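These notes concern the structure reproduced below.
In our numbering, the protein residues as written are 90 to 158.
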């Protein structure tokens with residue numbers, strides 16, 4: 090698991106206050122070569138680390154409507 094020390098977590102500006110959000114940290118790409126993802130309702134419950142390429146592929150697919158969400 091990538092080290093999240095120093096991670097700056099953010100969530101989408103499109104997220105409401107409903108609590109069903111994920112947060113991402115991209116500021117560690119140089120150190121960890123990873124985008125970190127966590128549940129905003131449980132920020133101390135761990136995180137998922139994915140490569141920058143995988144994150145871009147995922148977000149592009151969401152934006153293009155290629156995934157059923």
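Where is the CB? At the ideal position from N, CA and C, for every residue including glycine. Just so it is clear, the structure is predicted and the values come from calculations on it, not from any experiment.
Using alpha carbons as the reference points, say which of the options lies closest to residue i.
i, options, result
"residue 118", "131, 140, 102", "140"
"residue 94", "104, 131, 114", "114"
"residue 137", "123, 146, 148, 147", "123"
"residue 116", "127, 96, 146", "96"
Please report the residue range of the alpha helix (DSSP H) in which residue i lies.
i, result
"residue 118", "118-121"
"residue 138", "Note, residue 138: premise wrong, no alpha helix (DSSP H); beta strand (DSSP E) at 137-139."
In the DSSP output, what is residue i paired with across the bridge?
i, result
"residue 113", "99, 126"
Is the distance from the Cβ of residue i to the Cβ of residue j below 7 angstroms?
i, j, result
"residue 91", "residue 121", "yes"
"residue 100", "residue 129", "yes"
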